Each structure stands twice: as C-alpha cells, then as structure tokens.
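> Take this structure, written in structure tokens, and hold onto it; I'll ask about it next.
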Amino acid sequence: MAADGSKSRVLVTGASGFIAAHCVYQLLDRGYKVRGTVRDPTDAKKTQFLRTCIRERVTIWSWSAPTSQRKTMGEEDDTIVDQAIKGNEHVLRAAIKEKVRRVVITSSAYAIFDGHPAARYGAGSPPFTADDWSIPERQGFYPKSKTLAERRAWEISASDEAKATGLEGSRSDVIQRYLTAAFPGTPAMAYPIADVRDVALAHVACLEGGPQVVGKRFPLGEEAIQLIDIATTLKGEFGKYGYRVPTTRLPTFLAWLLSFCDKGVAQVLPELGRRFSMDSSGAREILNIQPRDFKQAAIDQGYSLIKLGIVPNKGVPEEKLQLSL
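Here's what the structure looks like:
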C-alpha cells in the first residue's frame, strides 16, 4: 500500500503466460497498477489479451531471456537448466537491489514430488508436503530445472533477507496438450490439479499476507487426478467444437517405444503408474484458498487457454471465453 492509501505497483514477469495473465487479471480487479514483462511486446498474438482486456491499466515491457545456438541434446538440456537458475537469480537480485517489498516465486510441483524412491508413490504413501524437495540427480532436465531454480531462489532469499514466498503450482500444459492433440493417447499417469484462478488468488494472498506467509512454500493441488479422467472431461466439453481429445489408453509398452523418438514422452516415462497426493493445507488455512472441483477447473482452464490464444479457437462462442475470478 502506498503512503497515500493507493495500491502499489506490481511487476508480473512473463505477463503473457497462462498463470501470469490470470495473476494480472486478479491484481487489476483489486486496484493494483501492474507492470508486465514479456519477451516480445510486438508479438500481437501473445500480448493481445493484455492489450485489449486491460487497456491502459498495465504497462508492457520487453524482457529478453538469453538464447542459445543449436546444441546436442545433452548440451541443450544443460543450457535449459542453467538458464532457469540464472533467470530466477537475475530477477531476485534486481528486486533486492530496488528494495522490492515482497517477492512471490512461482515454482512447480515438480520441485516437490519428483525423483523420489518408488515407495513414495502408491496407495497408502504419505502426501508430499512443503518440506519435501525433489531429487535433482533422479530428474529429467525440465523437472530438474524447476527444482534447482527454486533452490537457488531460496538461497538468495535467505542470504539477502528478501521477503520471498513460494508457490508450487500444478501443470497447465496437460490441458493444452489434450486440446491440441499433442498426446497420441492417454498414458497411465496422474497429476495434482489446481485451478488457475486458485493459483492466481494464492499469488495475491501471498502478496498481501502478513509475516505468516513470508519464507514459506505453499503447494497447490491435492489428490493426483488420472489423466484419463481429465481427458474424458475435456472431450465431453470440447468435442462438440471439433477438438479431438484422445481418450484411448496408451499402453505402457507403447509409451516406452515412443520415448525413443519423442523427447517429451521420454521425460514423463518415469511418471507412468505413479499415485500420490500433495498436502495443500497451508494454502487452505493461511491463504484461505478453497480448491475448485477438478472437472470444472479443467473445463474452465480449457476455455481460458483458448481465450488467451494459447490454444487455437475452433469456433467456441465468445460468451464461453470470458475469464472469471
């Protein structure tokens, strides 16, 4: 809060992204002034939502991340991990230098539940909590980048006494992959699901919260939902618009074969057959987040991805594409 009682200005990095766009929407609804960074302000497709829906209430800045020349697969993986770590570090260092009062770090559930011994996944296993950390040595390059980037962020926060809070969100690309038919079938996998509006609300709650939120991690999403249930829900809602959502179960042996030619499949291969849950009691009790039903969350997220231009619109009526709080 500014000295004159007006709301402060908030910087949202990667403002054209899926979660960030909803954070911008929530912040503006509460009267904040928002400055958003994007890779390319001239990219009309990715910034259309910010420009048409927000108009004069948000300033869009360019934010260029380092890029690399074409490399071998191993070198490219190392580059992605390194850029994720340095990206977090650069932003936090800049925030500390400018004496930013509060930083909310958006991480991934991959920084909590991945790479553990097999005994942690299965019926009766205890839920993963904010105290759990994934084991980088047993992770693929993408999950590893999330784990190490968040680790580095907390190291900087602790050493510089920055007021940081961490949110561990679920994956938004699952819905996107289904609606764009990127999956050849539905593998035997499960993920904790959090509605993007709940994730955005959690960001605002962390921003506005008192000392009880500082220096804490807040996992979002609880029981892991089977992908077949998500696919069935999406097909029932979006099939009538021409979206071909694959609901055929993908046998494990076929997923294994595909992993040799599809890097994305290779990355998720270790996750086949996992069952686990997350303890999001902190988000409930401290941030007052009451999770939405996963079916409605999946449907609304699908419409939101179409609204933001992340998924092509195949004829969905405009009234279906209004973002809601």
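One point on numbering: in UniProt numbering, the residue at position 37 of the sequence shown is 37, and numbering is uninterrupted.
Note that beta-carbon positions come from the ideal geometry of N, C-alpha and C, so glycine has one too.
Since the model is a prediction, treat every value here as computed from it, not as a measurement.
1. Can you tell me the Cα-Cα spacing of Leu-227 and Tyr-121, whole angstroms?
2. Considering Cα atoms alone, identify which of Thr-129, Ser-134, Ala-118, Thr-37 is closest to Val-91.
3. Run the CB neighbour count on Lys-99, radius 10 Å, all protein chains shown included, and call it buried at 16 or more, exposed below.
4. Just checking my contact of Arg-246 with Ala-231 at CB under 8 Å: how many whole Å lie between their CB atoms?
5. Beta carbon of Ala-297, beta carbon of Ile-156: below 8 Å?
6. For the candidate residues Cys-206, Ala-111, Leu-179, Trp-256, whose alpha-carbon lies nearest to that of Trp-233?
7. Quick check: the Cα distance between Leu-257 and Leu-250, rounded to an integer number of angstroms?
8. Helix or strand or just coil, what does DSSP make of Thr-72?
9. Would the beta-carbon of Ile-105 fall within 8 Å of that of Leu-167?
10. For Gly-215, tell me which candidate among Gln-301, Ala-153, Phe-18, Gly-221 has the shortest Cα-Cα distance.
11. Going along the chain, which residues of its own chain have a beta-carbon closer than 8 Å to the beta-carbon of Tyr-32, five neighbours each way excluded?
12. Considering Lys-295, what are the terminal residues of the alpha helix (DSSP H) in which it resides?
13. Within this structure, are the beta carbons of Ser-134 and Gly-115 separated by less than 8 Å?
14. Look at Glu-208 and Pro-291 and say whether their C-beta atoms are less than 8 Å apart.
15. Leaving out five residues on either side along the sequence, give the residues of the same chain with a beta carbon under 7 Å from the beta carbon of Phe-238.
16. Taking Cys-206 and Thr-252 to be in contact with their CB atoms under 8 Å, please state how far apart those CB atoms are, rounded to whole angstroms.
17. Tell whether a beta-carbon distance below 8 Å holds between Phe-18 and Leu-305.
18. Under the three-state reduction of DSSP, which class applies to Glu-223: helix, strand or coil?
19. Considering only residues of the same chain and omitting the five flanking positions on each side of Lys-266, which have a CB-CB separation below 6 Å?
20. To the nearest angstrom, how far is the alpha carbon of Phe-276 from that of Lys-314?
21. Please report the distance separating the alpha-carbon of Ala-65 from that of Asn-88.
22. If you follow the beta strand (DSSP E) that Leu-287 is in, where does it begin and where does it stop?
23. I need the DSSP call for Gly-87, collapsed to helix, strand or coil.
24. Between which two residues does the alpha helix (DSSP H) carrying Thr-186 extend?
25. Based on the DSSP secondary-structure assignment, which residues constitute the bridge partners of Tyr-191?
26. What separation, rounded to the nearest whole angstrom, lies between the Cα atoms of Glu-318 and Val-196?
27. Report the three-state DSSP secondary structure of Gly-166 (helix, strand or coil).
28. How close, in whole Å, do the beta carbons of Phe-183 and Leu-287 come, if the pair is a contact with beta carbons under 8 Å?
29. Should Ile-289 and Asp-198 be called a contact, given that it needs their Cβ atoms to be closer than 8 Å?
30. For Lys-235, name the three-state secondary structure that DSSP assigns.
31. Taking the alpha-carbon positions, what's the Ala-95 to Ser-107 distance?
32. Does the distance from the CB of residue 337 to the CB of Thr-147 come in under 8 Å?
33. With DSSP as the reference, label Ile-310 as helix, strand or coil.
34. Would you kindly work out how many angstroms separate the C-alpha atoms of Pro-117 and Pro-126, rounded to a whole number?
Based on what the coordinates show:
1. 16 Å
2. Thr-37
3. exposed
4. Per the sequence shown, residue 246 should be read as Pro rather than Arg. Confirmed, about 7 Å.
5. no
6. One point to set straight first is that residue 233 is Thr, not Trp, in the sequence displayed. Among Cys-206, Ala-111, Leu-179, Trp-256, the Cα nearest to that of Thr-233 is on Leu-179.
7. 11 Å
8. At Thr-72, the pLDDT of 38 sits below 50, so the modelled position is not reliable; the number obtained from the coordinates is stated separately. In the structure shown, Thr-72 sits in coil (DSSP, three-state: anything other than H, G, I, E or B).
9. yes
10. Ala-153
11. Lys-7, Ser-8, Arg-9, Val-10
12. 294 to 307
13. yes
14. no
15. Leu-179, Val-245, Gly-302
16. The Cβ separation is near 39 Å, so there is no contact.
17. yes
18. strand
19. Lys is not the amino acid found at residue 266; the sequence shown has Ala there. Only Ser-259 meet the Cβ criterion.
20. 35 Å
21. Unreliable placement is indicated for Ala-65, whose pLDDT of 40 sits below 50; no coordinate value is reported for it.
22. Element bounds for Leu-287: n/a, residue is neither H nor E.
23. helix
24. Segment: none, Thr-186 is in no alpha helix (DSSP H) and carries neither H nor E.
25. Ile-225
26. 20 Å
27. strand
28. The Cβ separation is near 32 Å, so there is no contact.
29. yes
30. helix
31. 17 Å
32. The shown model of the chain, from 1 to 325, leaves out residue 337, and the question about it has no answer.
33. coil
34. 13 Å
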